[in-house]
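*Asks:* Have a look at this one before I ask anything.
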Amino acid sequence: MGRTMPSLLEIADPERIRGDLDAAAARAGRDEEALKRAVVDILKAALAQGRARARERLEQGAHRGRSCAESLSYLQDRVIEELYRFATTHAFTASNPSKAERIAIAAVGGYGRGTLAPGSDVDLLFLLPYKQTPWGESVVEYMLYVLWDLGLKVGHSTRSIADCIRLARADFTIRTALLEARFIYGDRELYDDLEKRFDAEVVKGTANEFVEAKLAERDQRHTRSGESRYLVEPNVKEGKGGLRDLNTLFWIAKYVYRVKQPSDLVKAGVFTKEEYQTFRKAENFLWAVRCELHFLTGRAEERITFDLQTEMAKRLGYQTHRGLKAVERFMKHYFLIAKDVGDLTRIFCAVLEDQEKKKKPSIGRFMQAIRRKKVIRGFNVESGRLAVTKQDFFDKDPVNIIRLFHVADQHGLDIHPDALKLLTRSLRLVDAALRKNEEANRLFLEILASRKDPETTLRWMNEAGVLGRFVPDFGRIVALMQFNMYHHYTADEHLLRAIGILSEVERGVNAAEYPKAHELMGKIKSRNAVYMAVFLHDIAKGRDEDHSDAGAAIARRLCPRLGMSAGETESVAWLVQNHLVMSDVAQRRDIADPRTVRDFADLVQSPERLKMLFVLTVVDIKAVGPGVWNGWKAQLLRQLYFETEAVLQGGDNAVNRKTRVADAKEALAAHLADWSKAARDRYFTRHADGYWLSLDTETQVRHAQLIEGAKDAPLTIAAEPEPDRDVTQLTLYTQDHPGLFARFAGACAVLGMNIVDAKIFTTRDGMALDMLWVQDASGGAIAEPRRLARLEETIRKVLSGEILPPDAIEQRARRERRTEAFSVAPQVFIDNEASDDYTVIEVNGLDRPGLVHALSRALFHLGLTIGSAHITTYGERAVDVFYVKDVIGHKVTNANKKKAVERHLLEALADPVKKSRPAKRAKREEMAAAE
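Position one of the sequence shown corresponds to residue 68 (the working numbering), numbered consecutively onward.
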């Protein structure tokens, strides 16, 4: 392990520990309790001192990760060794031991590898000759109680050799633990006997079943922890590309080749020296991350959450450089290492497969291989995989590098690992000349817009390092993490997933999830333009300039190079430049306001662009991560699409607003046929024009029935779950009064509901008809009768004053610690041009429970009436938009009033919990000083 004696003595000095224990025994005499307390104190001090030294070394540089883990393992070994020595010398002396009174102590599992994280379990095997004796039972029990008193999590088993062999045959988990067993102290002969029998009676002849079991176990683990290795809050132990993948690789190597150390894999012909160095580098880095994670949290935390990433980067020595924050550089390093682990696993599995084939030559299989072998465009096809036969295949024609992936895509073939190996050695050929090659560019565009499986092929190109070289701007975002809670993946992973989702949309996979996008994709004139826009929409992330502007500039350079026409190039550039606009308008503006649709239509200008932008927007949102795309967003986008399509086709300009109101009333009248004409006419006069233009007929029918049924009831509440849109519509009908909406929003916040949209109407007879669309904390509709009843009860209590929302929200608010890692600059924008009738106020800030309530309450105190509210969150960032008027129904135009609005809303954005912390801290310090 490359340890030197002085450095190990700094971690743990066994002679000093032994001396301290012997001295304690002499002092305590026959007082067993005092002696046990002294033993615990001495060992606890040794552990604390050794861990502090290990941490100090680790934080001198991330390259010390494995050294730290080995040091902690060495420290634990010495503690166990001296504890066993003490137990058998001072506590339970066997003056004339029999053959049965022998124990070998072995580390198993992860601890058996000679590496240990600060919070890891200490897995021990107490090995007996054949049966337990009273002496052995006493020694094991004494040791375990001391280890538990030290605060260690000890996994232990007490078994004979026969027990170990029998259980290992039946259980792969136990077999794997014993595979990694390592002798610590005790009877060495006993342990050596276990090793020999384990090899002969368990391992021999069972390599295939072990490999199959471990690879299946790995796949299940990846599914549990997230399929991608590019999740922005990765699990360093269990995640794809994490330590467990390296462990699995070595378990298999140890089992199949019976190697002792990873370096033996070079001798076995599994890895080259360079690949072994990659293995060591990955292992070293991942151990540094895992150990620091445990040190920082004080527990066995394996997930690098947002609230830890910044401090982790700082402690491991990362600094801001070339426009990337220190935390982004740290996480980019992490994802590049995870990619290396994936490469090593692929190489290793390929070697295993090839060597297995060589072990079993047969004439029959040889003849079968001859019959299967065929050639496609210069490539051999071997067992369904593309292969190359000559080492200079790529040197002779570098276009073959791109052609390899093109053929694989067109014919649905895998690529032989040997071809990928040769490709890796030939990456220097992906140079400026190849990037200018017309044929190479044509092939790449066909890969990108393939009707088969473009995501998989592009992913292969990315993993092989080809994609980032052929499109250097893409290379800049490989493994680039966006430090926010909205994006679930790295920038390159987001783009590749987006391409895969676009392909699904086009082919009609999961068409029920995005039916309109599927329909429009079949009508778009240039598929290539849409695929290219999806590929490029976030390609300029991580730069100083706006990524939409920079991405459009990249599109104008890259599209002509790939052979796209001037018209297609301009379409791609426009789509990249405006890829966020449709989402922003749909979620943050009142689509029922004619000005919103008119302004959006002025930007889009053509039905073809509208189709392409709709598809791009759907794909982009869906590719952000699980749960981000939902029925509510789908409905908003469809509504905006239909409204804008009507304007672009000239239909809406020809329809008089009064005619649209009359049409809405006529449609409602058809559903109220059982009402008298006089009752219908009275009802129609209660609502202003905005009401008739904002809602669909189905909703208006429900409102009519609700209002008719309310009669003289002071408060009527209706809840309508809409599972298809993942929202629940809440309707409140009561006497209007100032601040009603703020209280309504407060009631939802008290129960932890997320408000995603709101519409507020006041009838001509002074009644409020307020609508909120809410989701539960997981982003779904609230449908269970019990939860709906509780929601109604809470709303009634808040409106009656029985519950005060600010107090209840603060008691409930248990902000995720992850959000504390972020700071969002609070901003307030006041716009009098976005609507003909309202002042539009957009508020940006750090999201928190009860934020909508705080903002609407501030608007109420400012004397402003809310016409509609649009609530959007992007991870930790909230963007809330309010359409408001002053008390006399005018826009907010006075300069002083606008300043007051901005000041009060900025105050509302401030987190009351955070604001109270300094005061509470000061009070505690004052009390401490007084004492």
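Every residue, glycine too, gets a C-beta built ideally from N, C-alpha and C.
Which stretch, first to last residue, makes up the alpha helix (DSSP H) that contains residue 674?
*Replies:* The residue given as residue 674 occupies position 607 in the sequence shown. Start and end: 674 to 691.
*Asks:* Can you check the region 567 to 617 for any alpha helix (DSSP H) of at least 4 residues that lies completely inside it and give the ranges in chain order?
*Replies:* 582 to 588, 594 to 603
*Asks:* Mark residue 709 as exposed unless 16 or more other C-beta atoms lie within 10 angstroms of its C-beta, in which case mark it buried.
*Replies:* Here residue 709 is taken as the residue at index 642 of the sequence shown, counted from 1. Flag for residue 709 reads exposed.
*Asks:* State the Cα-Cα distance for the pair residue 790 and residue 847, rounded to the nearest angstrom.
*Replies:* Residue mapping note: residue 790 aligns to position 723 of the sequence shown, counting from 1. Residue mapping note: residue 847 aligns to position 780 of the sequence shown, counting from 1. Roughly 8 Å separates the two Cα atoms.
*Asks:* Is it true that the region 351 to 369 meets the region 398 to 410, where meeting means three or more beta-carbon pairs spaced less than 8 Å apart?
*Replies:* yes
*Asks:* Specify whether the region 613 to 629 and the region 671 to 686 touch according to this definition: at least 3 beta carbon pairs, one from each stretch, less than 8 Å apart.
*Replies:* no
*Asks:* Just the C-alpha distance for residue 269 and residue 325, rounded to the nearest angstrom, thanks.
*Replies:* Counting from 1 along the sequence shown, the entry for residue 269 is found at position 202. Counting from 1 along the sequence shown, the entry for residue 325 is found at position 258. Near 13 Å, if we compare the C-alpha coordinates of residue 325 and residue 269.
*Asks:* What residue from 917, 492, 312, 173 has the CA that sits closest to residue 283's CA?
*Replies:* One-based indexing of the sequence shown puts residue 283 at position 216. Comparing Cα positions, the closest option is 312.
*Asks:* Counting C-beta neighbours from all protein chains within 10 Å, is the total for residue 160 16 or more, i.e. buried, or is it exposed?
*Replies:* In the sequence shown, the residue the question calls residue 160 occupies position 93. Residue 160 comes out exposed.
*Asks:* Short of 6 Å in beta carbon distance, which residues of its chain neighbour residue 77, apart from the five on each side in sequence? Order them along the chain.
*Replies:* In the sequence shown, counting from the first residue as 1, residue 77 sits at position 10. The residues are 120.
*Asks:* Check whether the Cβ atoms of residue 548 and residue 359 lie closer than 9 Å to each other.
*Replies:* In the sequence shown, counting from the first residue as 1, residue 548 sits at position 481. In the sequence shown, counting from the first residue as 1, residue 359 sits at position 292. For the pair residue 548 and residue 359, the CB atoms are not nearer than the 9 Å cut-off.
*Asks:* Taking 9 Å as the CB-CB limit, is residue 341 close to chain C?
*Replies:* Judged by its chain identifiers, the structure shown contains no chain C, having just a single protein chain.
*Asks:* Does DSSP put residue 899 in a helix, a strand or coil?
*Replies:* For the purposes of this step, residue 899 is taken as residue 832 along the sequence shown, with counting starting at 1. Residue state for residue 899 is assigned as coil, using DSSP reduced to three classes.
*Asks:* Taking 6 Å as the limit between beta carbons, can you name the residues of its chain near residue 598, skipping five residues before and five after?
*Replies:* Reading the sequence shown from its first residue, position 531 is the one you call residue 598. Excluding sequence positions up to five before and after residue 598, its CB lies within less than 6 Å of the CB of 515, 516, all in the same chain and listed in chain order.
*Asks:* Can residue 559 and residue 541 be called in contact, C-beta distance under 9 Å?
*Replies:* Taking the first residue of the sequence shown as position 1, residue 559 is located at position 492. Taking the first residue of the sequence shown as position 1, residue 541 is located at position 474. The answer is yes: Cβ separation under 9 Å.
*Asks:* So, at 8 Å on beta carbons, what are the nonlocal neighbours of residue 427 in its own chain, with the 5 sequence-adjacent residues on each side left out?
*Replies:* Taking the first residue of the sequence shown as position 1, residue 427 is located at position 360. A caution first: residue 427 carries a pLDDT of 49, below 50, which makes its placement in the model unreliable, though a value can still be read off. Excluding positions up to five away in sequence, the list is empty.
*Asks:* Have a look at 817, 897, 760, 83 and flag the residue whose alpha-carbon is nearest the alpha-carbon of residue 916.
*Replies:* As a working mapping, residue 916 is identified with position 849 in the sequence shown. Checked all of 817, 897, 760, 83; the closest Cα to residue 916 is 817.
*Asks:* Between the Cα of residue 391 and those of 610, 825, 854, spot the shortest distance and give me the residue it belongs to.
*Replies:* Taking the sequence shown and counting its residues from 1, one reaches residue 391 at position 324. When each option's Cα is compared against that of residue 391, the closest is 610.
*Asks:* Taking all protein chains shown into account, do 16 or more other C-beta atoms lie within 10 angstroms of the C-beta of residue 928, making it buried, or fewer, making it exposed?
*Replies:* Position 861 of the sequence shown, counting from 1, holds the residue named residue 928. Counting Cβ neighbours within 10 Å, residue 928 comes out exposed, since fewer than 16 surround it.
*Asks:* Consult DSSP for residue 826 and reduce its assignment to one of helix, strand or coil.
*Replies:* In the sequence shown, residue 826 corresponds to position 759, counting from 1. Residue state, collapsed to three classes: strand.
*Asks:* Please say whether residue 137 and residue 203 have beta carbons closer to each other than 9 Å?
*Replies:* Counting from one through the sequence shown, the residue named residue 203 turns up at place 136. Counting from one through the sequence shown, the residue named residue 137 turns up at place 70. Cβ distance not < 9 Å, so residue 203 and residue 137 don't count as in contact.
*Asks:* Should residue 535 go down as buried or exposed, given a rule of 16 or more other Cβ atoms within 10 Å for buried?
*Replies:* The sequence position of residue 535 within the sequence shown is 468, counting from 1. Classification for residue 535: buried.
*Asks:* How big is the Cα-Cα spacing for residue 302 and residue 363?
*Replies:* In the sequence shown, the residue the question calls residue 302 occupies position 235. In the sequence shown, the residue the question calls residue 363 occupies position 296. Spanning the two alpha carbons is a distance of roughly 15 Å.
*Asks:* Counting Cβ pairs, one atom from each stretch, are 3 or more of them under 8 Å apart for the region 936 to 956 and the region 846 to 860?
*Replies:* no
*Asks:* Can you tell me whether DSSP reads residue 321 as helix, strand or coil?
*Replies:* In the sequence shown, counting from the first residue as 1, residue 321 sits at position 254. DSSP places residue 321 in helix when its eight states are reduced to three.
*Asks:* When we look at the beta-carbon of residue 772 and count the other beta-carbons within 10 Å, is it buried (16 or more) or exposed?
*Replies:* As a position in the sequence shown, residue 772 is number 705, starting the count at 1. Residue 772 comes out exposed.
*Asks:* Would DSSP call residue 478 helix, strand or coil?
*Replies:* Against the sequence shown, residue 478 aligns to sequence position 411. If DSSP states are grouped into helix, strand and coil, residue 478 belongs with the helices.
*Asks:* Rounded to whole angstroms, what's the CA-CA distance from residue 753 to residue 615? Just pull it up for me.
*Replies:* For the purposes of this step, residue 753 is taken as residue 686 along the sequence shown, with counting starting at 1. For the purposes of this step, residue 615 is taken as residue 548 along the sequence shown, with counting starting at 1. Distance between the alpha carbons of residue 753 and residue 615 is about 46 Å.
*Asks:* Check the DSSP bridge columns for residue 950 and list the partner residues they point to.
*Replies:* Within the sequence shown, numbered from 1, the residue matching residue 950 stands at position 883. Per DSSP, 907, 935.
*Asks:* Please identify the residue among 144, 125, 143 whose C-alpha is closest to the C-alpha of residue 135.
*Replies:* Within the sequence shown, numbered from 1, the residue matching residue 135 stands at position 68. Checking every option, the nearest Cα to that of residue 135 belongs to 125.
*Asks:* Using the Cα positions of residue 801 and residue 704, report the straight-line distance between them to the nearest angstrom.
*Replies:* For the purposes of this step, residue 801 is taken as residue 734 along the sequence shown, with counting starting at 1. For the purposes of this step, residue 704 is taken as residue 637 along the sequence shown, with counting starting at 1. The straight-line gap from Cα to Cα measures roughly 31 Å.
*Asks:* Confirm, please, whether the CB-CB distance from residue 906 to residue 951 is below 9 Å.
*Replies:* Counted from its first residue, the sequence shown places residue 951 at position 884. Counted from its first residue, the sequence shown places residue 906 at position 839. In contact: residue 951 and residue 906 (Cβ atoms closer than 9 Å).
*Asks:* Taking 8 Å as the threshold, find out whether the region 188 to 201 comes into contact with the region 223 to 231 through three or more Cβ pairs.
*Replies:* yes
*Asks:* Could you check how far apart the C-beta atoms of residue 246 and residue 318 are, in whole angstroms? I think they sit under 8 Å.
*Replies:* Taking the first residue of the sequence shown as 1, we reach residue 246 at position 179. Taking the first residue of the sequence shown as 1, we reach residue 318 at position 251. 6 Å between Cβ atoms; contact.
*Asks:* Please list the segments of the alpha helix (DSSP H) lying wholly inside the region 216 to 301, counting only runs of 4 or more residues, in order along the chain.
*Replies:* 228 to 237, 239 to 246, 255 to 265, 274 to 292
*Asks:* Can you tell me whether residue 388 is helix, strand or coil according to DSSP?
*Replies:* Along the sequence shown, read from residue 1 onward, the residue named residue 388 stands at position 321. Note: residue 388 maps to strand in three-state DSSP.
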